[in-house]
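J.:
2 protein chains.
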Amino acid sequence: MKIIRRPEAMVAWSETLRREGVTIGFVPTMGALHEGHRSLIRAGRLRSDALVVSVFVNPTQFGPGEDLARYPRMPDRDHALCRTEGVDVCFEPTVDAMYPKGYQTVVTVSKIAQRWEGERRPHHFQGVATVVTKLFGIVQPHLAMFGQKDYQQAMLVRRLVQDLNLGVKIAVCPTVREPDGLAMSSRNIYLSEEERTIAPLLYKSLKAGGEAIRKGVIEAAAVQNTMAAVLKQEPRFTIEYLAVCDPLTLEPLAQVTSKAILLGAVRLGSVRLIDNLIVSPPRKRCGKEAMEIG
Amino acid sequence: MKIIRRPEAMVAWSETLRREGVTIGFVPTMGALHEGHRSLIRAGRLRSDALVVSVFVNPTQFGPGEDLARYPRMPDRDHALCRTEGVDVCFEPTVDAMYPKGYQTVVTVSKIAQRWEGERRPHHFQGVATVVTKLFGIVQPHLAMFGQKDYQQAMLVRRLVQDLNLGVKIAVCPTVREPDGLAMSSRNIYLSEEERTIAPLLYKSLKAGGEAIRKGVIEAAAVQNTMAAVLKQEPRFTIEYLAVCDPLTLEPLAQVTSKAILLGAVRLGSVRLIDNLIVSPPRKRCGKEAMEIG
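Written out as structure tokens, the structure is:
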């Protein structure tokens, strides 16, 4: 596996392969790789000839008071995982190489970035949109893999790619979970032992909401109450939002009549947890669908 | 010559050529092509294997009350000029294809976009930066040609390409002028006959400023006075700005001790005219330079 640090060297590598007709897959990460990343890498490996993983803790997507300084950095472990998974290039630029003196350009996706995470983390998605645009320019992938865990981010990147004609296919891969249901995240290491034991309740609350929908509950407010009731079993959770949304625009729904996404964000001690679940209401055996079944 | 209207068709054309190792040159325009565009096209032809000219009157770079509706459109003449000059593709997307329903992404270059034209035309450069990013994504050129006439725009695009790692070489070509010195512009057709006769005074004022610098005037304020004095011969001009700037950052200079750019913008009746001139102070025969001469 090649470790490339200079953006120009990464560009040169990708351009050579592209000219040879090689398809390039890409997994952008902030390092501290876990099983969630491994599944993105494996999905990327299956779907492309050459695979690039970037490791870059992007400062512009952290707000003041967020965890930029203490964000876990473990390059040796990351390299080992990438090697094991047959990654071709690990791209690890420095902050100065990405944002040199005189840097002054940002990419802003408006509507989809304003709610939920965007509301709680001002400028976060501008940082994400900008760094993803830059990384796509450098790595020039045909395909990039994003985790469903950061669902709003994945939808924002899809919007961005479409709007700016970046020509990269965006694949969203299922969230990988611990045996007790907690979504894998590099930030889970911030959890105390006690917090770790109750953290899976966020996913349980989403599942309870999903169960309600599958049983025919239509009103979003009722679904939200169901989710909140689960979390309120444990007073150490502070709910930031529990939302029932359109899966493409992430606008909140009043009623669930087709596929929806349940989004949850909570604080547990000093740690923020987010998770989500895609759900569909029960199929009505009538009209077009009945005909299909018939 | 191929006329392509659908962005996806343009992408496909460029991808095929890129895979074959063909270098693609690109001249983005708003149509109403004149001799200035012709010189960009010829420069692009010389420096690339295949040449794309885009014709797109981009609504997002016009402000309210600006001339979007009356901006000259003459597709047949534009096609004829492109054919004569050996252009391979004329890319003419519709507004709906560039900004479809749900579109929500903008590219913002901050510092370089804030002064001069940016101050007088809010959102203009955001519109330019966004559409250039999109056009580069669609056309995937190796090289793009911009006119020195819109100097601030050209520097903004250079900054943008560097900041977002777009991997396009930006060539800035000299302004083409009418015999009396007026810079070619699609908007010159807005000038009345009388306005047209006095319009070259803007370039004369820049030349007077340049002459002062070449004769050893160092203080920017003195250079500005020299320029303003020329324009004040003709009361129908309203000066918007006359500036002496750093040629890369476009920050105003207090003193001219190395290469500088003189920028001018005036109103003449209902028409805005801009122009610029790159100038260097006289070489001092001492120190390093004297050694080079010796």
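Chains as they are written, first to last, in our numbering: chain A, 1 to 294; chain B, 295 to 588.
Glycine is no exception: its CB is placed at the ideal position from the N, C-alpha and C atoms.
In this text the structure is predicted, and so the values were computed from the model without any measurement.
Pull up the distance between the alpha-carbon of I432/B and that of K101/A, whole angstroms please.
T.: Taking the first residue of the second sequence as 1, we reach residue 432/B at position 138. Taking the first residue of the first sequence as 1, we reach residue 101/A at position 101. Roughly 29 Å between the two C-alpha positions.
J.: Taking just the CA atoms, how far does V383/B sit from G588/B?
T.: As a position in the second sequence, residue 588/B is number 294, starting the count at 1. As a position in the second sequence, residue 383/B is number 89, starting the count at 1. Because G588/B carries a pLDDT of 35, less than 50, the predicted location of this residue cannot be relied on, and the following value inherits that uncertainty. Roughly 51 Å separates the two Cα atoms.
J.: Are any of the Cβ atoms in chain A nearer than 9 Å to that of R313/B?
T.: Along the second sequence, one-based indexing puts residue 313/B at 19. It does; some Cβ of chain A falls within 9 Å.
J.: Is L143/A close to chain B, meaning its C-beta is less than 9 Å from at least one C-beta of that chain?
T.: For the purposes of this step, residue 143/A is identified with residue 143 of the first sequence, where counting begins at 1. So, not an interface residue.
J.: State the Cα-Cα distance for the pair V57/A and G127/A, rounded to the nearest angstrom.
T.: Residue 57/A sits at position 57 when you count from the first residue of the first sequence. Residue 127/A sits at position 127 when you count from the first residue of the first sequence. Rounded to whole angstroms, V57/A to G127/A spans 11 Å at the Cα level.
J.: At a CB distance below 7 Å, what residues from the segment 451 to 471 of chain B approach chain A? Give them in sequence order.
T.: R453, L454, D457, L458, N459, L460 and G461
J.: Short of 7 Å Cβ to Cβ, which residues in the segment 2 to 16 of chain A face chain B?
T.: For the segment 2 to 16 of chain A, which is checked against every Cβ of chain B, the residues closer than 7 Å are P7 and V11.
J.: Mind listing which residues of the segment 399 to 430 of chain B have their C-beta closer than 7 Å to chain A's C-betas, in chain order?
T.: Here the close residues are T399, V400, V401, T402, V403, S404, K405, I406, T427 and K428.
J.: Would you mind telling me which residues of chain A sit closer than 8 Å to I555/B, beta carbon to beta carbon, in chain order?
T.: Position 261 of the second sequence, counted from the first residue, corresponds to residue 555/B. Within 8 Å Cβ-Cβ: nothing; I555/B doesn't reach chain A, min ~17 Å.
J.: Taking the C-alpha atoms as reference points, what is the distance between I297/B and H418/B?
T.: Along the second sequence, one-based indexing puts residue 297/B at 3. Along the second sequence, one-based indexing puts residue 418/B at 124. Spanning the two alpha carbons is a distance of roughly 28 Å.
J.: Which one of E487/B, R481/B, A477/B and R508/B has the shortest CA to CA distance from P269/B?
T.: Within the shown structure, residues of chain B are numbered from 295 to 588, placing residue 269/B beyond reach of any answer.
J.: Taking the DSSP output, what are the residues bridged to Q549/B?
T.: Residue numbering aside, residue 549/B sits at position 255 when the second sequence is read from its first letter. Answer is E513/B.
J.: Quick one: what's S296/A bridged to in DSSP?
T.: This structure leaves residue 296/A out entirely; chain A is present only between 1 and 294.
J.: Do L544/B and Q442/B have their CB atoms nearer than 9 Å?
T.: Here residue 544/B refers to the residue found at position 250 of the second sequence. Here residue 442/B refers to the residue found at position 148 of the second sequence. No.
J.: Is the distance from the Cβ of A559/B to the Cβ of L567/B below 9 Å?
T.: To locate residue 559/B, count along the second sequence from 1; it is residue 265. To locate residue 567/B, count along the second sequence from 1; it is residue 273. Cβ atoms of A559/B and L567/B: closer than 9 Å.
J.: Does Q446/B have its Cβ less than 9 Å from a Cβ in chain A?
T.: If you number the second sequence from 1, residue 446/B lands on position 152. No - not a single Cβ of chain A is within 9 Å of the one on Q446/B.
J.: Closest to E487/B by C-alpha separation, out of V400/B, L562/B, L345/B and L340/B, would be which residue?
T.: For the purposes of this step, residue 487/B is taken as residue 193 along the second sequence, with counting starting at 1. Checking every option, the nearest Cα to that of E487/B belongs to L562/B.
J.: Taking the alpha-carbon positions, what's the T551/B to N188/A distance?
T.: Translated into positions along the second sequence, residue 551/B becomes position 257. Translated into positions along the first sequence, residue 188/A becomes position 188. One C-alpha to the other measures close to 57 Å.
J.: Residues of chain B with CB under 7 Å from I138/A, in chain order?
T.: Indexing the first sequence from 1 puts residue 138/A at position 138. In chain order: N459.
J.: For the beta strand (DSSP E) that contains F237/A, what are its first and last residues?
T.: To locate residue 237/A, count along the first sequence from 1; it is residue 237. Element bounds for F237/A: F237 to C245.
J.: Is there a C-beta anywhere in chain B that falls below 9 Å from the one on K284/A?
T.: One-based indexing of the first sequence puts residue 284/A at position 284. Output row for K284/A: interface = no.
J.: Of all Cβ atoms in chain A, is any one closer than 9 Å to the Cβ of R558/B?
T.: To locate residue 558/B, count along the second sequence from 1; it is residue 264. Checking the displayed sequence, the identity of residue 558/B turns out to be Gly instead of Arg. Chain A contact via Cβ: absent.
J.: Under the three-state reduction of DSSP, which class applies to E292/A: helix, strand or coil?
T.: Locating residue 292/A in the first sequence gives position 292, counting from the first residue. Residue placement at E292/A is poorly supported in this model, since its pLDDT is 45, which falls under 50; the coordinates are not used for a value here.
J.: Could you confirm whether any beta carbon from chain B is found closer than 9 Å to the beta carbon of G102/A?
T.: Start at 1 with the first residue of the first sequence, and residue 102/A comes out as number 102. Answer yes: the Cβ-Cβ gap between G102/A and chain B drops below 9 Å somewhere.
J.: For V95/A, count neighbouring C-beta atoms within 10 Å of its own C-beta (all shown protein chains included) and say buried if the count is 16 or more, exposed if not.
T.: For the purposes of this step, residue 95/A is identified with residue 95 of the first sequence, where counting begins at 1. Label assigned to V95/A: exposed.
J.: Check whether the Cβ of T249/A lies closer than 9 Å to any Cβ atom in chain B.
T.: Here residue 249/A corresponds to residue number 249 of the first sequence, with the count starting at 1. Closer than 9 Å: yes.
J.: Less than 7 Å between C-beta atoms, sequence neighbours within five positions excluded: which residues of the same chain meet that for A290/A?
T.: Numbered from 1 along the first sequence, position 290 holds the residue referred to as residue 290/A. Low per-residue confidence applies at A290/A: pLDDT is 44, beneath 50, and the placement is therefore not dependable, though the value from the model is reported in the following sentence. Contacts found: none.
J.: Per the contact definition of three or more C-beta pairs closer than 8 Å, is the segment 351 to 368 of chain B in contact with the segment 318 to 326 of chain B?
T.: Touching, yes.
J.: If you follow the alpha helix (DSSP H) that G431/B is part of, which residue opens it and which one closes it?
T.: Taking the second sequence and counting its residues from 1, one reaches residue 431/B at position 137. Per DSSP, G431/B belongs to the alpha helix (DSSP H) from H418 to V433.
J.: Rounded to the nearest angstrom, how far is the Cβ of T105/A from that of A129/A, given a contact under 8 Å?
T.: The residue you call residue 105/A lines up with position 105 of the first sequence. The residue you call residue 129/A lines up with position 129 of the first sequence. Contact flag wrong, Cβ pair sits at about 11 Å.
J.: Do C245/A and L40/A have their beta-carbon atoms positioned less than 9 Å apart in this structure?
T.: Counted from its first residue, the first sequence places residue 40/A at position 40. Counted from its first residue, the first sequence places residue 245/A at position 245. Contact flag unset, no.
J.: Does the segment 20 to 29 of chain A come close enough to the segment 44 to 54 of chain A that 3 or more CB-CB pairs lie under 8 Å?
T.: yes
J.: Are the CB atoms of R196/A and P281/A within a distance shorter than 9 Å?
T.: Within the first sequence, residue 281/A is the residue found at index 281, counting from 1. Within the first sequence, residue 196/A is the residue found at index 196, counting from 1. Going by C-beta atoms, P281/A is not nearer than 9 Å to R196/A.
J.: Output the distance between the C-alpha atoms of K232/A and K134/A, rounded to the nearest integer angstrom.
T.: Position 232 of the first sequence, counting from 1, holds the residue named residue 232/A. Position 134 of the first sequence, counting from 1, holds the residue named residue 134/A. When rounded, the distance between both Cα atoms is 42 Å.
J.: Identify, in the order they occur along the chain, each residue of the same chain with its Cβ nearer than 7 Å to the Cβ of A254/A, setting aside the five sequence neighbours on each side.
T.: Numbered from its first residue, the first sequence carries residue 254/A at position 254. Result list for A254/A: A220, in chain order.
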